[in-house]
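>
Residue numbers (this note's numbering): 587 to 824.
Here's what the structure looks like:
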C-alpha cells in the first residue's frame, strides 16, 4: 500500500511521458498510449542478412550497401524503422527523455529476445561517446539504451571497456567514404583484461555502419570472435 502511494506521488510530481507523442501517460495506460503503439513500425522480418535493413523482397539476401561493403561486424539487427520513431529518438538524445529507454528495452525484448538468446553474448556494449560531449549532454543515449536492454534480456552491460578518444565530425554531415576516414583512431579499448568471445554492440541509429565497424575493428584486434549489433532504428525499405 505504501509503495503504491509513493508511486502515485511520484507520478503526480513527475508525470510519465509517452515515448511516441511525449504526452502525459496515465498510470493505468502503462508506459505508452494505446493509440501510439500503432504508429510505430518495427524493422520486420524481411531484412538484410548482414546489417538488418528492411528489404522489399524476400528474394534478396543483402541490401545494396552490404553487397558492396565489407563490414567488420558479423550481423546486425534493429528494432524500428527510423521514420516511425525519429521524433522519439530525437527527444531521447537531445531533450533528456531518458525514461523512454524503458519502452525501448521492452520492445527490444519482445522483438529480438529470441535472437539475443540464440547469440548468447558475453556482454552488451554501448557505442561510447566522446567524454567532453557526454559531460555537456549529461548522458550517453547508447548507454541508457544498453542498460534497458540488458535489464530486460538478462545480459550484463559493459560500458567501460572501450572509449571514444577523438571528437569526430557529426556523421550526418559526411558521405560514406568520409565517415570511415573520420572514425580512424577514434576508439580505444580501455583495459587489458577484456576477454570476450561474443558481444553485442548497442547504438541508437544504423545508417552506413561506419561507427559500428570502427568499434568492431578494435574488438577484433583483441580477439573477439563474434560481433553483433542492435540499434534502436534503421532506415526504411531499400
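Virtual Cβ for every residue (Gly too), placed ideally from N, Cα, C.
Is it the case that the Cβ atoms of residue 773 and residue 750 are separated by a distance below 8 angstroms?
Taking the first residue of the chain shown as position 1, residue 773 is located at position 187. Taking the first residue of the chain shown as position 1, residue 750 is located at position 164. Result yes, Cβ atoms of residue 773 and residue 750 sit closer than 8 angstroms.
> Using the beta-carbon count (16 or more within 10 Å), is residue 667 buried or exposed?
Residue 667 sits at position 81 when you count from the first residue of the chain shown. The residue in question, residue 667, is buried, as its Cβ has 16 or more Cβ neighbours within 10 Å.
> Does residue 782 come out as helix, strand or coil in the three-state DSSP assignment?
Numbered from 1 along the chain shown, position 196 holds the residue referred to as residue 782. In this structure, residue 782 counts as coil in the three-state DSSP scheme.
> For residue 799, which three-state DSSP category applies?
Here the question's residue 799 lines up with position 213 in the chain shown. Looking at residue 799 - three-state DSSP - the assignment turns out to be helix.
> To which residues of the same chain is residue 814 closer than 8 angstroms at the C-beta, ignoring the five residues directly before and after it?
As a working note, residue 814 is residue 228 in the chain shown. Exclusion of the five residues before and after residue 814 leaves 659, 660, 661, 662, 663, 705, 707, 784, 785, 786, 787 as the residues of its chain whose Cβ lies within less than 8 angstroms of its Cβ.
> Between residue 747 and residue 780, which are expected to be in contact by the criterion C-beta below 8 angstroms, what is the C-beta distance as a whole number of angstroms?
Here residue 747 corresponds to residue number 161 of the chain shown, with the count starting at 1. Here residue 780 corresponds to residue number 194 of the chain shown, with the count starting at 1. At roughly 5 angstroms, the Cβ-Cβ gap stays under 8 angstroms, so residue 747 and residue 780 are in contact.
> Check whether the Cβ atoms of residue 639 and residue 649 sit closer than 8 angstroms, and answer yes or no.
In the chain shown, counting from the first residue as 1, residue 639 sits at position 53. In the chain shown, counting from the first residue as 1, residue 649 sits at position 63. A contact, by the Cβ cut-off of 8 angstroms.
> Using the Cβ count rule (16 or more neighbours within 10 Å means buried), how would you classify residue 609?
Locating residue 609 in the chain shown gives position 23, where the first residue counts as 1. Label assigned to residue 609: exposed.
> Can you list, in chain order, the stretches of the alpha helix (DSSP H) that have 4 or more residues and sit fully within the segment 668-707?
You should have 668-680, 686-705.
> For residue 858, which residues of its own chain have a beta-carbon under 8 angstroms away from its beta-carbon, when the five flanking residues on both sides are left out?
Because the chain spans 587 through 824 in this model, residue 858 falls outside it and cannot be assessed.
> Which one or two residues does DSSP pair with residue 774 in a beta bridge?
Position 188 of the chain shown, counted from the first residue, corresponds to residue 774. Paired residue(s): 749.
> Which residue comes first and which comes last in the beta strand (DSSP E) that contains residue 620?
Mapped onto the chain shown, residue 620 falls at position 34. Segment 620-623 is the alpha helix (DSSP H) holding residue 620; no beta strand (DSSP E) there.
> Pull up the CB-CB distance for residue 736 and residue 710, whole angstroms please, since I reckon it's below 8 angstroms.
Start at 1 with the first residue of the chain shown, and residue 736 comes out as number 150. Start at 1 with the first residue of the chain shown, and residue 710 comes out as number 124. Indeed they touch by this definition, with Cβ atoms about 6 angstroms apart.
> Nearest to residue 738 by alpha carbon, out of 603, 628, 699?
By 1-based counting over the chain shown, the position of residue 738 is 152. Here the closest residue by C-alpha is 699.
> Enumerated in chain order, which unbroken segments of the alpha helix (DSSP H) with a length of 4 residues or greater are wholly contained in the segment 597-666?
620-623, 650-654
> Can you tell me whether DSSP reads residue 769 as helix, strand or coil?
Within the chain shown, the letter at position 183 stands for residue 769. Three-state result, residue 769: coil.
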